[in-house]
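Using this note's numbering, you'd call the opening residue of the sequence shown number 859 and step up by one each time. Glycine residues also receive a C-beta, built at the ideal position from the N, C-alpha and C atoms. Small disclaimer: the values here were computed from a predicted structure and weren't measured. For reference, the structure discussed in these notes is given below.
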Amino acid sequence: MANPVDLVEVWRGDLIESVHQGHAVICDAKGQITAAWGDPAALIYPRSSCKMVQALPLLESGAGRDLTDAQLALACASHDAAAIHVDGVGAWLRDMGLTDDDLRCGPQMPRDPDIRRALIKADQPICQVHNNCSGKHAGFLAFSRHLRAGPEYDQIDHPVQQACKAAFEEVTGETSPIFGSDGCSAPNHACTMHGLARAMAFFAAADDHSGVRAQAAERLVDAMTTFPELVAGENRACTNLMRAMGGKVAVKTGAEGVFVAIIPALRLGVAVKITDGATRASECAIAAILVRLGVLDAAHPAAKARMMPDQTNRRGIVTGVIKPAPALLAAF
């Protein structure tokens, strides 16, 4: 990945022990870059950070007309499989007359400790509804049902995925040159850092536009910010940061060090990619950018926990800190 820059430092005492490099782009409503670190043309997989883009056709088609905001938040979620997530997706499937077997995301051990312990204690199987992407897949099923298409909605040539690809290319403003199979088996299309930030800026400025797509984008952002606990889970960065910003900004993580932000008040979209894939670094970088943009209070516990978290040893002694690199802050 060409020309990444230092974005996050890990200090032990008075010595930098590790450095995370990457790329970050802030884009305005016109698609223009207002700030950048590293290479805006770097090609990446956005992974789960683009779930709101994948949910656009669900609403544009009319398939999601009667869905609740909670269901739309789940469609954009990388959830913990806590009870609120599993129950929500399970009810959604039942409403459609479908079962866990209709999902194509694969089973996953729940991240939520209570659900995980309960499954182990009862010797119950891990199901696909426990997959962190099961809400997105419920949305795919709703869209596929609306289209009366086949059951293999995760395949690249399926009408659902063709619609998702078209929406992705249109909001990023790019023709995606390649795709890969995501952890949940759905296609994930590559774009540049600029393209991903441009897509987030489109969501941020959706209410400046008319039309079905703009209305869909605005509703998805509203759903995410109204139900941040459904988008991720308790003590997760996405949930805690959205709460810390009073529901005025939508943020979404993705695997392998990706993080995005949608800031309607500023009409800005943000995209971050850490080249070594470290989540601790992507969380630090996105928090630092949100603080510098004035939408996140640096003193808020959710910001401090991501932007400047203390590093402790097994005795609870503070040994160092993770913090933004000078270059990340100097660009403003």
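In or out: residue i buried (at least 16 other Cβ within 10 Å) or exposed?
i: S1068; result: exposed
i: M967; result: exposed
i: R962; result: buried
i: K1106; result: exposed
i: D972; result: exposed
i: K994; result: buried
i: E1010; result: exposed
i: Q1019; result: buried
i: L914; result: buried
i: L951; result: buried
i: K979; result: exposed
i: D970; result: buried
i: L930; result: buried
i: L1054; result: buried
i: T1033; result: exposed
i: T1050; result: buried
i: N989; result: buried
i: L1187; result: exposed
i: D1012; result: buried
i: I1175; result: exposed
Tell me which residue opens and which closes the alpha helix (DSSP H) that residue i is part of.
i: H943; result: 941-953
i: I978; result: 971-979
i: T1137; result: 1137-1150
i: D927; result: 927-933
i: D958; result: Per DSSP, D958 belongs to no alpha helix (DSSP H) and is neither H nor E.
i: T1084; result: 1070-1084
i: Q1019; result: 1017-1030
i: P1009; result: Careful: P1009 lies outside any alpha helix (DSSP H) and carries neither H nor E.
i: R1101; result: 1095-1102
i: L1124; result: No alpha helix (DSSP H) contains L1124, which DSSP labels as neither H nor E.
i: L1154; result: Neither: L1154 is in no alpha helix (DSSP H) and is coded neither H nor E.
i: P915; result: 914-918
What are the start and end residues of the beta strand (DSSP E) that includes residue i?
i: G997; result: Where G997 is concerned, there is no enclosing beta strand (DSSP E), although the alpha helix (DSSP H) it sits in stretches over 992-1005.
Select from the options the residue whose C-alpha is nearest the C-alpha of residue i.
i: A1007; options: M1166, A921, P968; result: A921
i: T1045; options: L1148, A1081, C991; result: This sequence places Pro at residue 1045; Thr is not what is there. The option with the nearest alpha carbon to P1045 is C991.
i: R1138; options: L1154, I973, K1162; result: K1162
i: L1078; options: A1055, V1109, G1053; result: V1109
i: E1028; options: I902, G880, G889; result: G889
i: I1014; options: P1182, H1047, A996; result: H1047
i: T957; options: P965, D938, A1075, V987; result: V987
i: A894; options: I1180, P862, E918, E875; result: P862
i: P898; options: A1160, R974, V1130, E1114; result: V1130
i: S907; options: M1058, C1022, T1177; result: M1058
i: G964; options: D886, I984, A1157, D945; result: I984
i: G948; options: R974, G997, A1090; result: G997
Mind checking who residue i pairs with in its DSSP beta bridge?
i: G880; result: V863, I1132
i: L901; result: T1050
i: V1089; result: Partner(s): none; V1089 has no beta bridge.
i: C908; result: Answer by DSSP bridge pairing: none, since C908 is not bridged.
i: A894; result: V883
i: I1180; result: V868
i: F1117; result: T1111, V1130
i: F1037; result: H1047
i: Q1209; result: Here the chain covers residues 859 to 1190 and nothing more, so residue 1209 does not appear.
i: I1014; result: For I1014, which the question treats as bridged, DSSP gives no partner whatsoever.
i: L1234; result: There is simply no residue 1234 to check, as the chain begins at 859 and stops at 1190 in what is shown.
> Just checking, does the segment 1142-1151 make contact with the segment 934-946 on the three C-beta pairs under 8 Å criterion?
Replying inline: no
> On the three-pair Cβ rule with 8 Å, is the segment 1058-1075 touching the segment 1094-1102?
Replying inline: no
> Between the segment 1035-1042 and the segment 899-909, do at least 3 Cβ pairs fall closer than 8 Å?
Replying inline: Taking a cut-off of 8 Å for Cβ pairs, the segment 1035-1042 and the segment 899-909 touch, as three or more such pairs fall below it.
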